[in-house]
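Protein chains in written order, with numbering that gives the first Met the number 0: chain A, 0 to 359; chain B, 0 to 76.
A virtual CB, placed ideally from N, CA and C, is assigned to each residue, including glycine.
Source: prediction; values computed, not measured.
To keep things clear, I will list the structure first and then write my remarks on it.
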Amino acid sequence: MSVLLEAADEYAALERLHDLGCTDGLPVVVPTPDRVERMVVASGLPGDVSLGTMGPNHGNASIETVAACAVMAGCLPDHLPVVLGAVRAALDPRFDLTELQATTHAIAPFMIVNGPARHACGPIASGFGALGPGFRANASIGRALRLCMINIGGARAGVSDMALLGHSGKFTFCMAEDEESSPFEPLHVALGYDPSASTVTLVGTEAPHSVIFVGDADDPTAPDRLLTTLGLSLATVGANNAHFGGGTGVVVLNPDHAAVLHRAGLDRRSLAEAIWERAANPRSLMARLNPSMVRPPSGADEPFRAFRSPDDLVIIAGGGSGLYSMVLPSWAAGPHANPAVTAVVDLDQACEIPGFAGSA
Amino acid sequence: MRDGVNLARRDVPAVALVSSEFWAQGEFIARSVGMPDIPRVCFEHPVAGAGVAVMRRVAAAIRDDIVASLAARGVAS
Numbered sequence: 000m001s002v003l004l005e006a007a008d009e010y011a012a013l014e015r016l017h018d019l020g021c022t023d024g025l026p027v028v029v030p031t032p033d034r035v036e037r038m039v040v041a042s043g044l045p046g047d048v049s050l051g052t053m054g055p056n057h058g059n060a061s062i063e064t065v066a067a068c069a070v071m072a073g074c075l076p077d078h079l080p081v082v083l084g085a086v087r088a089a090l091d092p093r094f095d096l097t098e099l100q101a102t103t104h105a106i107a108p109f110m111i112v113n114g115p116a117r118h119a120c121g122p123i124a125s126g127f128g129a130l131g132p133g134f135r136a137n138a139s140i141g142r143a144l145r146l147c148m149i150n151i152g153g154a155r156a157g158v159s160d161m162a163l164l165g166h167s168g169k170f171t172f173c174m175a176e177d178e179e180s181s182p183f184e185p186l187h188v189a190l191g192y193d194p195s196a197s198t199v200t201l202v203g204t205e206a207p208h209s210v211i212f213v214g215d216a217d218d219p220t221a222p223d224r225l226l227t228t229l230g231l232s233l234a235t236v237g238a239n240n241a242h243f244g245g246g247t248g249v250v251v252l253n254p255d256h257a258a259v260l261h262r263a264g265l266d267r268r269s270l271a272e273a274i275w276e277r278a279a280n281p282r283s284l285m286a287r288l289n290p291s292m293v294r295p296p297s298g299a300d301e302p303f304r305a306f307r308s309p310d311d312l313v314i315i316a317g318g319g320s321g322l323y324s325m326v327l328p329s330w331a332a333g334p335h336a337n338p339a340v341t342a343v344v345d346l347d348q349a350c351e352i353p354g355f356a357g358s359a
Numbered sequence: 000m001r002d003g004v005n006l007a008r009r010d011v012p013a014v015a016l017v018s019s020e021f022w023a024q025g026e027f028i029a030r031s032v033g034m035p036d037i038p039r040v041c042f043e044h045p046v047a048g049a050g051v052a053v054m055r056r057v058a059a060a061i062r063d064d065i066v067a068s069l070a071a072r073g074v075a076s
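Structure follows, in structure tokens:
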């Protein structure tokens, strides 16, 4: 249930929201009853429908409260189906949102959108600078989930969100997969969804790490060099994965790098296996760096893998053409050890609200 | 803190040990789960990686508080 605040004007309302800790520190669109009601109507669902309770404060994530956060984030009604899908994914018990919100680790839900919603609910950027500023849908949708985590889940830095530093993805962290440029099947299809379906996949991750690779079409070792760079970057010894040997790793391949690997005959499965195999450090090294968690090798040294299985790698295509891909190590903790969780984006329920953008 | 909550919900006598830096979070969790009086004892922060000597000192400092908390619930004497 929402709480109705009163203020003399828009400026005073914004300052009140800041004072109450209801913002992410940046200005928000004031969620007036009229604006929230129109966002609720856009959902095609009654406002009191509950998607679940959101930890750590066990707030009710109703259509209305999520809509209020979407308004605050600057969402258009078109964006709402992805926000609702993301909230459903975040509330999936496997996502361990309560623990994720409370951990001292720097983790944020990285949101990957697949299928027609990339266009119908956006456009949600997937190419040059997709994780940077300048794309309203990416910025607003990701921010809406964060504002839900603050206002419904009750996350407050140093009180209930104990991240020692956090990272900038805790403001907004959303992109689409570049399905059109990818030589591989889209993520949601690989997960068993129909190509016509729309999905949002959440993975709690660190901030993106840049991965440089300089290709050479005449170099037969080029694919292996790229795979090794990606694997070792995921297994960077500062990441929890390298120490815990678990969690989920995300790889965002730029179109050039994806093409190199595709030309080498790799498909999604063999690509995941190849990166997983290389995402490792010598056990002796990890035992030296963290003797309280990693046993030394009993005989000859052996690889200490950063992930349990190739299935624990989420690989998508995205970004611009050039030298850099991205990897995102993760938290690897919580009762379910930080899995990726995918939810369907329901485009059939949504209602068009003529003139909404101009009046919001 | 949540371990203490989960044990209390199973009627297992428990006292949550919460470091000073996390005391506010403990209060938040206690309120959010509807158990504001869940037993808890504060100890100095940090202890992670502080070594055996520090751990012994911290344990000695809070031992009586832990026993008192349990005794108040009829568990220890």
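Per DSSP, the unbroken beta strand (DSSP E) holding S61 of chain A starts and ends at G58 to S61. Under the 8 Å criterion on CB atoms, H57 of chain A is classed as interfacial with respect to chain B. Close to chain A, meaning a Cβ-Cβ distance shorter than 7 Å, are the following residues of the stretch 25-50 of chain B: F27, I28 and S31. With a cutoff of 8 Å on beta-carbon distance, C147 of chain A and V65 of chain A are scored as near each other. Interface criterion not met: the Cβ of V86 of chain A is under 8 Å from no Cβ in chain B. Nearest to V344 of chain A by C-alpha distance, out of A:R87, A:P290 and A:D33, is A:R87.
With a threshold of 8 Å between beta carbons, S159 of chain A makes contact with chain B.
In chain B, no part has a C-beta under 9 Å from the C-beta of G20 of chain A; the shortest such distance is about 12 Å. Sequence-distant Cβ neighbours of T52 of chain A in its own chain, meaning closer than 8 Å and more than five residues away, are G58, N59, A60 and L90. Distances from the CA of F306 of chain A to each of A:L322, A:S329 and A:A316 were compared; the closest alpha carbon is that of A:S329. The continuous alpha helix (DSSP H) containing A189 of chain A extends over residues L186 to A189. Neighbours of A23 of chain B in chain A, taken as residues at a C-beta separation under 8 Å, are given in chain order as G157 and V158. In this structure, the alpha-carbon of H44 of chain B lies about 18 Å from that of D160 of chain A. In chain order, F27 and S31 make up the part of chain B whose C-beta sits under 8 Å from the C-beta of G153 of chain A. Counting only residues of its own chain and dropping the five nearest sequence neighbours on each side, P55 of chain A has a CB closer than 8 Å to the CB of T97, Q100, A101, G152, G153, A154 and S159. Note that the C-beta distance between F42 of chain B and L6 of chain B is not below 8 Å. Counting of Cβ neighbours within 10 angstroms places F94 of chain A among the buried residues, the total reaching 16 or more. Taking every protein chain shown into account, the CB of G321 of chain A has fewer than 16 other CB atoms within 10 angstroms, so this residue is exposed. Following the DSSP letters along the chain, one finds Y10 of chain A inside the alpha helix (DSSP H) bounded by residues E9 to D18. Per DSSP, reduced to three states, the secondary structure at G248 of chain A is strand. The Cβ atoms of R135 of chain A and S125 of chain A do not sit closer than 8 Å to each other. Taking each of A:A6, A:S197, A:L163 and A:D47 in turn and checking the Cα distance to P80 of chain A, the smallest one comes out for A:S197. Rounded to whole angstroms, the gap between the alpha carbons of R72 of chain B and D63 of chain B is 14 Å. Burial of I37 of chain B is indicated by the presence of at least 16 other C-beta atoms within 10 angstroms of its C-beta. Take I28 of chain B, set aside five residues on each side of it, and the residues of its chain with a beta-carbon closer than 6 Å to its own are M0, in chain order.
Spanning the alpha carbons of R145 of chain A and L186 of chain A requires a straight line of approximately 23 Å.
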